[in-house]
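Take a look at the structure set out below.
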Amino acid sequence: MQLTGEYHIPAPRDRVWAMLNDADVLRACIPGCDSLEEDGPDAFKAKVTTKIGPVKASFNGAVTLSNMNPPESYTITGEGKGGVAGFARGGADIKLVEDGDGTILTYTADAQVGGKLAQLGGRLIDSTARKMADQFFGKFTEMAGGEKPAEAGAVKEEGALTAALHKAEEVAADAVHTAEEAVSEAAHQVADAAHKAEEGLEREAAAGTLGGPFVWGLLVLAAIIIFYLIFN
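This is the structure:
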């Protein structure tokens, strides 16, 4: 998954650079960030809780900064592990360009996900990542002294229709997940009932109350046919 973005920050480049290296600022801006602490020079450890479709998990991760060229650019890389939900890892190149009294921030990011997250589909993951990026830079812009932007630089606000589409995707993913669980439970219950019925028929047949082995065999065959019709 690759993402690119451009944002106008209403603050001098030196201030934007300092904020991008401030753990308190980053903690306040990252959606779902439970904690973010310095863990050595140009390194942080973080815990973030997020929800992508039906999957919600807390990720523990490490973030490092490299290729430092203050106050113009750096590379940020990180990896988070979310237990059974899976993992996410990736990096981004950040560039700052002076624009009058403000700053143009651009980024190019590349990320990978695994586990349950990888089963959700690239479109849902991509839309969620873009939404989180807009939330981050919207908050970052506010903290830099500007109003929350209606659109973030060259990355336009997706608008009501696209936002509704994202919400519909999340609702659909939740519905599919719920339906899968319901089908799985129903199949388990039917299989369990069929197994108990077979045991009962075997006992009755053994006792001769069902007319002997021939009638017992017909009943078992009927049960198998009914079970097949239910699931086909």
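Residue numbers for the sequence shown follow this note's numbering, so the first one is 1402 and each next one is one higher.
For glycine and all other residues, C-beta sits at the position ideal for the given N, C-alpha and C.
Note that the structure is predicted; figures quoted are calculated from it, not measured.
With 16 as the cutoff for other CB atoms within 10 Å, does residue i come out buried or exposed?
i, result
"G1487", "buried"
"P1455", "buried"
"V1514", "buried"
"G1406", "buried"
"R1414", "buried"
"G1481", "buried"
"G1483", "buried"
Give me the DSSP bridge partner(s) of residue i.
i, result
"K1496", "S1474, T1507"
"I1410", "T1504"
"R1524", "Per DSSP, none; premise fails for R1524."
"K1452", "K1457"
"V1417", "DSSP lists no partner for V1417."
"A1463", "K1446, E1480"
"T1529", "Paired residue(s): none; T1529 is not in a bridge."
For residue i, which residues from the same chain have a beta carbon less than 7 Å from its beta carbon, with the 5 sequence-adjacent residues on both sides left out?
i, result
"G1433", "V1449, T1450, T1451"
"I1453", "L1518, L1521, L1525, I1526, T1529"
"P1472", "R1414, D1415, W1418, L1497"
For residue i, which residues of its own chain have a beta-carbon under 6 Å away from its beta-carbon, when the five flanking residues on both sides are left out?
i, result
"T1478", "T1465, G1492"
"D1443", "L1466"
"M1420", "V1426"
"L1437", "A1424, L1427, R1428, F1445, A1447"
"Y1508", "G1406, A1493, I1495"
"G1462", "A1447, G1479, E1480, G1481"
"A1458", "G1483, A1486"
Since residue i and residue j are thought to touch, with beta carbons under 8 Å apart, how far apart are those beta carbons, to the nearest angstrom?
i, j, result
"V1426", "T1504", "Not a contact, Cβ separation roughly 14 Å."
"S1467", "I1495", "With 8 Å as the limit, S1467 and I1495 do not qualify as a contact, their Cβ atoms being about 11 Å apart."
Give the secondary structure of residue i by DSSP, where H, G and I count as helix, E and B as strand, and everything else as coil.
i, result
"G1539", "helix"
"A1447", "strand"
"D1423", "coil"
"D1440", "coil"
"G1516", "helix"
"A1429", "helix"
"G1484", "helix"
"A1489", "strand"
Apart from the five residues on each side of it in sequence, which residues of its chain come closer than 8 Å, Cβ to Cβ, to residue i?
i, result
"D1500", "H1409"
"A1429", "K1540, M1544"
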